[in-house]
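Protein chains in written order, with the working numbering: chain E, 4 to 565; chain U, 2 to 103.
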């Protein structure tokens, strides 16, 4: 492989929603700062908004305050949130919305020019082109360079200070060593850890992008960064087969969750995100499945609007209606829970950060789905975190020159990538090991097949099997750079699985049904678990750290920092 | 669920390969869907193609019945076209300047 050494002021890893907005923020506040965005695909259509998004789900509507949003997120997560992160994010949500509109996003307004709201926190939009709008804005910036099709895989850390990162092209045989004064990580969450709803041909028809493989978590874990609340997995309640969103039906046309007998069951189990999934599992287990959203009886006008709304975000659902010839007004829409994901934009999983979004690695900042403690970010919250992290990174870089990356470290990192290109094909290929990992997680760490439940014995088996797969992944061979990317993705997922299992074992209670349902400890235990479960990888083992809850009145700083 | 690329229609511009979030399409002069089972179904490539050579379909395992879908663009209007197995065509127009009603 060819080695390319680059250096920049701020390196942004991942050009999704948070990453693009971090670049826009830096260009606005420090127009001379050099910014480099490294993106595995192309920022025009990368990350979870590739297909578009059909609502802004985090907006402070009239009569409500940012504090109300904090309270709402705290209640939904049964207390395990960071008040400081939620409040600083919530205060920015409406400014982010206004900026998106200035960039060209279409937001529905009434005749007086006010936004039309959907539910308590949502705005109706046409978000099909949200990613191209952000990408166009970034591409217009003078000192921001975008490197598409570059897959960053490891951080360079000296002591507890960031020096930069390493990665490879996904097309050409190029290895990159990138030195930076500050690094913002916004690689998204992790999909593909568990066996998906349809493991066959449509295995990638999943809620979260299958290309978000937990790279950012894995890089941080390997570099010794502290992670929080990975055990709060996210499971989406979606339309069966197409894995299209249900909120559009539930909030848009007021469709209730009903079982096969036509009984409304959602009020029986509660309305938080995890309770909605739990109720659906319970109805199925009680022999009253399948479950549906009751759309029968809506008007043909509503049918037509729904078809368009789904084309702007999840076209498969509209195609399904058209192909079956049965519109939602004529047939209820079947629903199911997805496989579990780790995603800090919805739950509180991710990097443990201070109020300024700095991780426990000095000079490394986290934003969006990769950052923990701050659930229910959605699009506008990811933008807000991109902004906060960018301003903190700018502040940091002014007083910290970029440390050197040693030649020895570069050689070592490059050799570990080249090994996979040179070694002979072993017994198993990458796909076989990926399927093995997903099966282990499904059976022993609470996947769909286990109704999202697990016990101590099963988690111990999962831990052992994942460790075996990690060893086997060392023997893989790549015929080209795409296959090398896939090997790295598998290894990222295995690293995340290992930490996740450690977190699931550490929270010996059931605070959230389905998200973390521990059969040995089926009750909520506030006496012992009203705290964060954090972790660090030390000498190859997951070390669990319990930390006290942080409220919004506090400006949180990392305690062990000199 | 995945895409089919009509290699007769493809002009080899490479836009679909450029935007695919999974880097699944490769160019050999024309576009080739190298990893059909890895498609997420985001339809980014479908919307980028200037000659309607990239078409989206639902896999049989998620209830697909064989229709192919592509988009045409005229100004602010994005038209989704569905070619059904019986030869019939269905079209839905989306005005990009109009918000979703739900």
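Backbone N, C-alpha and C fix where the C-beta goes; we use that ideal spot for every residue, glycine too. Bear in mind that the values here come from a model prediction, so they are computed numbers and not experimental data.
### Message
I'd like to know if the region 316 to 336 of chain E and the region 526 to 534 of chain E are in contact, where contact means that at least 3 CB-CB pairs between them fall below 8 Å.
### Response
Short answer: they don't touch.
### Task
Please decide whether residue 99 of chain E counts as near chain U, where near means a Cβ-Cβ distance under 9 Å.
Here the question's residue 99 of chain E lines up with position 96 in the first chain. By the rule that beta-carbons nearer than 9 Å mark a contact, residue 99 of chain E does not touch chain U.
### Task
Provide the residue span of the alpha helix (DSSP H) that contains residue 423 of chain E, from first to last.
In the first chain, counting from the first residue as 1, residue 423 of chain E sits at position 420. Where residue 423 of chain E is concerned, the enclosing alpha helix (DSSP H) stretches over 410 to 425.
### Query
Touch check for the region 441 to 458 of chain E and the region 394 to 410 of chain E: three-plus C-beta pairs under 8 Å?
Pairwise C-beta distances place the region 441 to 458 of chain E out of contact with the region 394 to 410 of chain E, as fewer than three of them are shorter than 8 Å.
### Task
Residues of the region 43 to 67 of chain U with a CB closer than 9 Å to any CB of chain E: list them in chain order, please.
Residues 43, 44, 45, 46, 47, 48, 49, 57, 58, 59, 60, 61, 62, 63, 64, 65, 66 and 67.
### Message
So residue 213 of chain E contacts chain U; which residues on that side make the cut at Cβ distance below 8 Å?
### Response
As a first step, residue 213 of chain E must be located in the first chain, where it is residue number 210. Those are 23, 39 and 41, listed as they occur along chain U.
### Query
Using a Cβ cut-off of 7 Å, which residues of the region 184 to 213 of chain E contact any Cβ in chain U, in chain order?
If the cut-off is 7 Å between Cβ atoms, the region 184 to 213 of chain E has 201, 203, 204, 205, 206, 207, 208, 212 and 213 near chain U.
### Option in E/107, E/112, E/124 and E/150 with minimal Cα separation from residue 132 of chain E
As a working mapping, residue 132 of chain E is identified with position 129 in the first chain. Relative to the Cα of residue 132 of chain E, the nearest Cα in the group E/107, E/112, E/124 and E/150 belongs to E/107.
### Query
Looking at the unbroken alpha helix (DSSP H) that takes in residue 490 of chain E, where does it start and where does it end?
Locating residue 490 of chain E in the first chain gives position 487, where the first residue counts as 1. Its alpha helix (DSSP H) spans residues 484 to 509.
### Query
Any Cβ of chain U within less than 9 Å of the Cβ of residue 149 of chain E?
As a first step, residue 149 of chain E is located in the first chain; it is residue number 146 there, counting from the start. It does not: the Cβ of residue 149 of chain E has no partner Cβ on chain U nearer than 9 Å.
### Query
Going by alpha carbons, who is nearest to residue 7 of chain U out of U/44, U/17 and U/53?
Residue numbering aside, residue 7 of chain U sits at position 6 when the second chain is read from its first letter. For residue 7 of chain U, the nearest C-alpha among the options comes from U/53.
### Query
If the cut is a Cβ gap below 7 Å, which residues of chain U does residue 245 of chain E touch?
Working through the first chain from its first residue, we reach residue 245 of chain E at position 242. Result: 63.
### Query
Who are the near neighbours of residue 241 of chain E in its chain, counting only those whose CB is closer than 8 Å to its CB and skipping five residues on each side?
Sequence index remark: in the first chain, residue 241 of chain E carries index 238 (1-based). Short of 8 Å from the beta carbon of residue 241 of chain E, and not among the five residues preceding or following it, lie these beta carbons of its own chain, in chain order: 210, 247, 248, 249, 338, 339, 340 and 341.
### Message
Under 8 Å: do the region 76 to 83 of chain E and the region 165 to 176 of chain E share three or more Cβ pairs, one atom per stretch?
### Response
Counting Cβ pairs under 8 Å, fewer than three are found: no touch.
### Query
Hey, how far is the Cα of residue 510 of chain E from the Cα of residue 234 of chain E?
Here the question's residue 510 of chain E lines up with position 507 in the first chain. Here the question's residue 234 of chain E lines up with position 231 in the first chain. Distance between the alpha carbons of residue 510 of chain E and residue 234 of chain E is about 8 Å.
### Task
Could you run through the region 537 to 549 of chain E and flag, in chain order, every residue whose CB is less than 8 Å away from some CB of chain U?
Within the region 537 to 549 of chain E, no residue qualifies.
### Inter-residue Cα distance where the pair is residue 267 of chain E and residue 61 of chain E
Mapped onto the first chain, residue 267 of chain E falls at position 264. Mapped onto the first chain, residue 61 of chain E falls at position 58. Between residue 267 of chain E and residue 61 of chain E, the C-alpha separation is close to 27 Å.
### Query
Using CA coordinates, which residue listed in E/356, E/528, E/48 and E/67 is at the minimum distance from residue 229 of chain E?
For the purposes of this step, residue 229 of chain E is taken as the residue at position 226 of the first chain. For residue 229 of chain E, the closest alpha carbon among the candidates E/356, E/528, E/48 and E/67 is that of E/356.
### Message
Let me check one thing: in DSSP terms, what residues is residue 81 of chain U bridge-paired to?
### Response
Numbered from 1 along the second chain, position 80 holds the residue referred to as residue 81 of chain U. In DSSP, residue 81 of chain U forms a bridge with U/72 and U/93.
### Query
Given that a residue counts as buried once 16 or more other Cβ atoms are within 10 Å of its Cβ, and exposed if not, what is residue 55 of chain E?
Here residue 55 of chain E is taken as the residue at index 52 of the first chain, counted from 1. That one is buried.
### Query
Which class does residue 12 of chain E belong to by DSSP, given the choice of helix, strand or coil?
On the first chain, position 9 is the one that residue 12 of chain E refers to. Strand at residue 12 of chain E.
### Query
Could you give the residue range of the beta strand (DSSP E) that holds residue 119 of chain E?
Numbered from its first residue, the first chain carries residue 119 of chain E at position 116. Note, residue 119 of chain E: premise wrong, no beta strand (DSSP E); not H, not E.
### Task
List the endpoints of the continuous alpha helix (DSSP H) containing residue 567 of chain E.
Lying before the first or after the last residue shown, residue 567 of chain E is absent from chain E, which here runs from 4 to 565.
### Query
Does DSSP put residue 536 of chain E in a helix, in a strand, or in coil?
As a position in the first chain, residue 536 of chain E is number 533, starting the count at 1. Correct three-state label for residue 536 of chain E: strand.
### Complete runs of the alpha helix (DSSP H) confined to the region 209 to 270 of chain E [at least 4 residues]
Here the runs fully enclosed are 218 to 225 and 250 to 255.
### Query
Smallest Cα separation from residue 436 of chain E: which of E/21, E/35, E/196 and E/20?
Along the first chain, read from residue 1 onward, the residue named residue 436 of chain E stands at position 433. Cα-wise, what sits closest to residue 436 of chain E is E/196.
### Minimum Cβ-Cβ distance from residue 81 of chain E to chain U less than 9 Å
Against the first chain, residue 81 of chain E aligns to sequence position 78. Cβ-Cβ to chain U under 9 Å: no for residue 81 of chain E.
### Task
Between the Cα of residue 516 of chain E and those of E/300, E/276, E/301 and E/193, spot the shortest distance and give me the residue it belongs to.
By one-based count along the first chain, residue 516 of chain E stands at place 513. Here the closest residue by C-alpha is E/276.
### Message
Counting only beta-carbon separations shorter than 9 Å, does residue 95 of chain U have a partner in chain E?
### Response
Counting from one through the second chain, the residue named residue 95 of chain U turns up at place 94. Yes, because at least one Cβ of chain E sits closer than 9 Å to the Cβ of residue 95 of chain U.
### Query
The beta strand (DSSP E) with residue 475 of chain E in it runs from where to where?
Translated into the one-based positions of the first chain, residue 475 of chain E becomes position 472. Careful: residue 475 of chain E lies outside any beta strand (DSSP E), inside the alpha helix (DSSP H) at 459 to 476.
### Query
Hey, quick one: how far does the beta strand (DSSP E) through residue 313 of chain E stretch, first residue to last?
Within the first chain, the letter at position 310 stands for residue 313 of chain E. No beta strand (DSSP E) contains residue 313 of chain E, which is instead part of the alpha helix (DSSP H) from 303 to 314.
### Query
For residue 94 of chain E, is the beta carbon positioned less than 8 Å from some heavy atom of the ligand NAD?
Absent from the structure shown: the ligand NAD. Ligands present: none.
### Task
Just tell me which of E/480, E/183 and E/496 has its CA closest to the CA of residue 224 of chain E.
Along the first chain, one-based indexing puts residue 224 of chain E at 221. Selection E/480, E/183 and E/496 evaluated against residue 224 of chain E yields E/496 as nearest (Cα-Cα).
### Query
Can you name the residues of chain E whose CB is closer than 7 Å to the CB of residue 104 of chain U?
One cannot answer for residue 104 of chain U here, as it falls past the ends of chain U, which runs 2 to 103.
### Query
Under three-state DSSP, which class holds residue 284 of chain E?
Position 281 of the first chain, counted from the first residue, corresponds to residue 284 of chain E. It is helical.
### Task
Figure out for me which residue from E/380, E/348 and E/205 has the closest Cα to the Cα of residue 61 of chain U.
Position 60 of the second chain, counted from the start, is the residue given in the question as residue 61 of chain U. Nearest of E/380, E/348 and E/205 to residue 61 of chain U, Cα basis: E/205.
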